[in-house]
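Those protein sequence lines, which keep their order, are chains A and B. Numbering of the first sequence is given in this note's numbering, commencing with residue 1 and proceeding in unit increments. Numbering of the second sequence is given in this note's numbering, commencing with residue 333 and proceeding in unit increments. Structure first, commentary second.
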Amino acid sequence: MHLDTYMFAKHLDKRICTPEVEQVPNRNGYGEGLKEAGDRNEKVVALCADLTGSTRTNIFADAYPERFVQCGIAEQNMASVASGMAAMGKIPFIAGYAMFSPGRSWEQVRTTIAYNNSNVKIIGAHAGVSVGPDGATHQAIEDIAIMRVIPNMIVLAPCDALEAKKATLAAAAHEGPVYIRLARDKTPVVTTADSPFEIGKAELFLEKDQKHEKTIGIIVTGILAHNALQAAKTLNEESVGVSVLHMPTIKPLDTVALDEFTSEHDVLMTVEEHQVAGGLGSTIAEYVTSTNPKKVIRIGVEDSFGQSGEPTELIAHYGMDAESIAQKIRAI
Amino acid sequence: MYYLSNTEIKELEAKANTIRQSIIEMLVSAGSGHTAGPLDMADIFALLYFSVLKHDPKNPDWEERDRLVLSAGHICPVLYATMAHAGYFPVEELMTLRKLGTRLQGHPHKEALPGIETSSGPLGSGLSQAVGMALAERMDNPYTSKFVYCVTGDGELQEGQIWEAAMLAGKEQLHNLVVIVDRNAIQIDGYTKDIMPLESLRGKFESFNFDVQEVDGHNIRMVNDAIGKAQSVYGQPSVIIAHTVSSKGVDVFERDFRWHGNPPGKGPEDRVPKGKQADAALEKLRTLGGMIIPSDS
Numbered sequence: 001m002h003l004d005t006y007m008f009a010k011h012l013d014k015r016i017c018t019p020e021v022e023q024v025p026n027r028n029g030y031g032e033g034l035k036e037a038g039d040r041n042e043k044v045v046a047l048c049a050d051l052t053g054s055t056r057t058n059i060f061a062d063a064y065p066e067r068f069v070q071c072g073i074a075e076q077n078m079a080s081v082a083s084g085m086a087a088m089g090k091i092p093f094i095a096g097y098a099m100f101s102p103g104r105s106w107e108q109v110r111t112t113i114a115y116n117n118s119n120v121k122i123i124g125a126h127a128g129v130s131v132g133p134d135g136a137t138h139q140a141i142e143d144i145a146i147m148r149v150i151p152n153m154i155v156l157a158p159c160d161a162l163e164a165k166k167a168t169l170a171a172a173a174h175e176g177p178v179y180i181r182l183a184r185d186k187t188p189v190v191t192t193a194d195s196p197f198e199i200g201k202a203e204l205f206l207e208k209d210q211k212h213e214k215t216i217g218i219i220v221t222g223i224l225a226h227n228a229l230q231a232a233k234t235l236n237e238e239s240v241g242v243s244v245l246h247m248p249t250i251k252p253l254d255t256v257a258l259d260e261f262t263s264e265h266d267v268l269m270t271v272e273e274h275q276v277a278g279g280l281g282s283t284i285a286e287y288v289t290s291t292n293p294k295k296v297i298r299i300g301v302e303d304s305f306g307q308s309g310e311p312t313e314l315i316a317h318y319g320m321d322a323e324s325i326a327q328k329i330r331a332i
Numbered sequence: 333m334y335y336l337s338n339t340e341i342k343e344l345e346a347k348a349n350t351i352r353q354s355i356i357e358m359l360v361s362a363g364s365g366h367t368a369g370p371l372d373m374a375d376i377f378a379l380l381y382f383s384v385l386k387h388d389p390k391n392p393d394w395e396e397r398d399r400l401v402l403s404a405g406h407i408c409p410v411l412y413a414t415m416a417h418a419g420y421f422p423v424e425e426l427m428t429l430r431k432l433g434t435r436l437q438g439h440p441h442k443e444a445l446p447g448i449e450t451s452s453g454p455l456g457s458g459l460s461q462a463v464g465m466a467l468a469e470r471m472d473n474p475y476t477s478k479f480v481y482c483v484t485g486d487g488e489l490q491e492g493q494i495w496e497a498a499m500l501a502g503k504e505q506l507h508n509l510v511v512i513v514d515r516n517a518i519q520i521d522g523y524t525k526d527i528m529p530l531e532s533l534r535g536k537f538e539s540f541n542f543d544v545q546e547v548d549g550h551n552i553r554m555v556n557d558a559i560g561k562a563q564s565v566y567g568q569p570s571v572i573i574a575h576t577v578s579s580k581g582v583d584v585f586e587r588d589f590r591w592h593g594n595p596p597g598k599g600p601e602d603r604v605p606k607g608k609q610a611d612a613a614l615e616k617l618r619t620l621g622g623m624i625i626p627s628d629s
């Protein structure tokens with residue numbers, strides 16, 4: 001079927017490109033998902049490093065205090081304690097700020113969780129520069145890189161609160177270590193309850209206008225999905241056919257979807273709230289260069305640290321807002 | 333607690349001696365590995381696996397078993413040797429230590445060998461995992477009789493994570509956690525008092541809400557009594573600081589920190605040349621330090 005206009009996936013929220021779009025921090029989705037996972041399975045337990053409010057672990061902790069462990073400000077211990085609990089049959093979720101969990105506890109995650117193939121789910125809240133005023137020390141922009149290189153580790157970056165909830169439930173059902181990165185700021189709700197989510201599956205969010213000769217395929221992960229969609233819409237209405245493939249799972253890579261997507265576009269562009277080195281962009285580039293080599297332009301933080309500022313102005317400062325993405329596409 | 337008769341003590345001492353011989357043999361076969369710690373913990377491991385632990389070597393996943401976490405993963409030769417002699421796997425398999433494809437990895441790997449409660453090696457993380465196990469068990473069964481024993485080194489107590497774990501254990505009053513510290517006073521670069529002094533260990537653990545006992549780590553009756561008392565402590569986790577002589581059992585290796593990370597054949601040569609180290613060690617063990625004179629000599 002030849003499309004003479006671009007098309008959003010039917011299950012997406014109709015308000016995406018309007019001012020009425022809902023804005024919710026996706027960590028809320030984790031909090032609700034964790035509670036529901038706890039309702040469904042009594043083996044689910046939660047641990048936190050003194051951040052129950054901001055990680056939304058408090059919803060579970062209030063409902064199931066006997067299944068919650070407050071570890072205090074001790075992320076390395078928390079990771080290994082969770083491993084020990086998993087060895088006794090529990091399904092532990094550990095939540096902290098991504099820069100410290102898994103940042104500080106990377107070795108404990110790698111050895112006591114992944115090497116043991118422990119059924120522990122690591123939640124890295126406050127990932128990305130959109131953490132805002134706290135500044136660089138609290139803005140994790142390397143976490144995808146350090147987690148995807150660990151064997152046995154699933155790496156997820158949901159695009160909004162609804163997807164974060166589904167990702168949490170999927171993680172609880174999955175047998176083995178899972179990492180989920182979440183943002184601090186409220187972000188647009190792009191999906192709906194009908195939107196599918198499956199670990200390891202990419203979803204085509206926007207199909208390009210096929211009458212344009214030049215075709216760009218954007219691959220996006222995490223909360224920048226909305227920015228990617230806005231940029232793509234703009235360019236489709238100009239003169240470039242831009243599609244958006246959302247990859248909430250960075251590892252394992254959905255190579256089937258990626259193969260098809262790559263073959264249908266001249267140039268690929270990756271978008272992530274992360275260093276351009278080591279994250280989604282590198283994952284895609286590694287795969288594409290060894291299969292169907294095409295140019296891969298990586299949007300993200302270009303090898304610098306974050307800084308204090310308002311979330312949206314920081315996203316724009318580091319070139320990850322819709323307009324910057326659109327400009328980059330025009331320059332191809 | 334099980335009261336041990338003199339005969340039972342003697343039997344455990346003999347078991348420990350057998351374990352020590354296996355340790356020497358497997359280290360020589362591997363060509364690398366740690367000598368001092370495994371030798372000095374042989375008495376305690378014999379006591380644990382042949383008397384104290386509730387376990388079933390033929391059923392390593394038995395739900396009701398006690399857990400033993402070796403946080404000082406590098407001294408795994410003593411764990412492997414004890415497990416083999418207890419019936420977890422054939423004694424011959426001990427000779428595969430550290431070789432490609434082995435189940436006896438250089439540092440214990442949970443996925444490789446049934447009976448290993450967790451992979452260890454990175455110092456400090458085993459105690460955290462033991463805390464997690466004790467916590468999970470207590471969630472399910474507040475009046476549990478399952479114990480989690482965690483063996484640590486003393487150099488290992490320099491890792492910050494140990495104290496994070498101790499803080500949580502003390503907070504949670506994990507009475508089903510018993511920590512045993514191999515206080516052999518050595519580490520890789522030297523004696524602990526020179527590298528990073530640890531005293532007062534008793535003071536440190538007490539301030540973390542642990543019940544603290546100090547024992548002679550080679551006096552099986554004393555260790556057994558201490559474990560019995562630790563089992564009856566309520567409202568606190570327990571720690572037994574076991575004062576040991578590094579490389580105990582082979583007097584020409586004893587008290588020399590350079591035997592921490594070398595196998596016989598590659599150790600310091602002041603007292604025994606490399607080529608004779610393995611034989612000297614085995615002779616010491618087989619004759620109980622020269623007390624048994626073979627009838628053919």
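Beta carbons: idealized from backbone N, C-alpha and C, even for Gly. The model shown is predicted, which means the values in this text are computed figures rather than measured ones.
Residues that residue i contacts on chain A, provided the C-beta gap is smaller than 8 Å
i              : result
T450 (chain B) : S83, G84, A87, T112, N116
P454 (chain B) : E107, Q108, T111, T112
Backbone secondary structure at residue i - three-state DSSP
i              : result
P409 (chain B) : helix
Y64 (chain A)  : coil
Q568 (chain B) : coil
V149 (chain A) : coil
E310 (chain A) : coil
M427 (chain B) : helix
E272 (chain A) : strand
K606 (chain B) : helix
R399 (chain B) : strand
P25 (chain A)  : strand
V333 (chain A) : Look at the range of chain A in this structure, 1 to 332, and you will see that residue 333 (chain A) is not part of it.
M499 (chain B) : helix
T52 (chain A)  : coil
P92 (chain A)  : strand
V584 (chain B) : coil
T476 (chain B) : coil
L467 (chain B) : helix
M7 (chain A)   : strand
A46 (chain A)  : strand
K341 (chain A) : Since the displayed chain A opens at 1 and closes at 332, residue 341 (chain A) lies outside it and no answer follows.
Counterpart residues of residue i in DSSP-defined beta bridges
i              : result
H246 (chain A) : A:E203, A:V220
D548 (chain B) : B:H575
R298 (chain A) : A:T270
A140 (chain A) : A:A127
M510 (chain B) : For the sequence presented, residue 510 (chain B) should be read as Val rather than Met. B:Y481, B:S570.
Cross-chain neighbours of residue i in chain A, by beta carbon under 7 Å
i              : result
V463 (chain B) : V81, G84
S460 (chain B) : N77, S80, V81, G84
Q568 (chain B) : Within 7 Å Cβ-Cβ: nothing; Q568 (chain B) doesn't reach chain A, min ~18 Å.
S539 (chain B) : Simply none; closest approach about 16 Å.
S578 (chain B) : Within 7 Å Cβ-Cβ: nothing; S578 (chain B) doesn't reach chain A, min ~26 Å.
Proximal residues of chain B, C-beta to C-beta of residue i below 9 Å
i              : result
G72 (chain A)  : E496, M499, L500, K503
R104 (chain A) : By Cβ distance, chain B contributes nothing, its closest Cβ being about 11 Å from R104 (chain A), past 9 Å.
Q307 (chain A) : Going along chain B, no residue has its Cβ under 9 Å from Q307 (chain A), so there is no contact; the nearest lies around 29 Å.
N41 (chain A)  : The contacting residues do not exist; N41 (chain A) stays about 14 Å from chain B at best.
Where residue i meets chain B, residues with beta-carbon distance less than 7 Å
i              : result
N119 (chain A) : Per Cβ cutoff of 7 Å: no residues; N119 (chain A) is ~12 Å from chain B at best.
R67 (chain A)  : M471
N28 (chain A)  : Going along chain B, no residue has its Cβ under 7 Å from N28 (chain A), so there is no contact; the nearest lies around 27 Å.
Residue i beta carbon near the ligand COA (any heavy atom closer than 7 Å)
i              : result
I332 (chain A) : By its list of ligands, the structure shown contains no ligand whatsoever, and the ligand COA lies outside what it can speak to.
With contact counted as at least three CB pairs below 8 Å, one residue from each stretch, are the stretch 576-590 of chain B and the stretch 365-385 of chain B in contact?
At 8 Å Cβ cutoff, the stretches touch.
Check whether the stretch 222-234 of chain A and the stretch 260-273 of chain A touch, using three or more Cβ-Cβ pairs below 8 Å as the test. These segments touch.
(Q) Three Cβ pairs or more, each shorter than 8 Å: is that satisfied between the stretch 12-29 of chain A and the stretch 66-86 of chain A? (A) No, the stretch 12-29 of chain A is not in contact with the stretch 66-86 of chain A.
| query | In chain order, what residues of the stretch 466-482 of chain B put their CB closer than 7 Å to some CB of chain A? | reply | Using a CB distance below 7 Å, the part of the stretch 466-482 of chain B facing chain A consists of L467, A468, E469, M471, ordered along the chain.
Using 8 Å as the cut-off, can you tell me whether the stretch 250-258 of chain A makes contact with the stretch 23-39 of chain A, which would need three or more C-beta pairs spanning the two stretches below that distance? Remark: fewer than three beta-carbon pairs, one from each stretch, lie closer than 8 Å, so the stretch 250-258 of chain A and the stretch 23-39 of chain A are not flagged as touching.
ask   = Do three or more CB pairs link the stretch 75-82 of chain A to the stretch 123-135 of chain A at distances below 8 Å?
value = In the pairwise beta carbon analysis, the stretch 75-82 of chain A is classified as not touching the stretch 123-135 of chain A: fewer than three pairs are separated by under 8 Å.
Pairing CB atoms from the stretch 235-243 of chain A with CB atoms from the stretch 204-217 of chain A, are three or more of them under 8 Å? Counting C-beta pairs with one atom in each stretch, the stretch 235-243 of chain A and the stretch 204-217 of chain A have three or more that are closer than 8 Å, which means they touch.
Which residues, in order along the stretch 413-442 of chain B, keep a beta-carbon less than 9 Å from a beta-carbon of chain A?
For the stretch 413-442 of chain B, which is checked against every Cβ of chain A, the residues closer than 9 Å are H441, K442.
Query raised in the report: If you pair each beta-carbon of the stretch 372-390 of chain B with each one of the stretch 422-437 of chain B, do three or more pairs fall below 8 Å?
Result: Touching, no.
- Query: Given 8 Å as the limit, is there contact between the stretch 488-496 of chain B and the stretch 447-464 of chain B, that is, 3 or more CB pairs closer than that?
  - Reply: Touching, yes, given that three or more Cβ pairs across the two stretches are closer than 8 Å.
Q) Taking Cβ-Cβ distances below 9 Å as the criterion, which residues of the stretch 90-101 of chain A are in contact with chain B? A) Listed in sequence order: K90, P92.
Taking only beta carbons into account, state which residues of the stretch 341-361 of chain B come closer than 9 Å to chain A, listed in chain order.
Within the stretch 341-361 of chain B, no residue has its Cβ closer than 9 Å to any Cβ of chain A.
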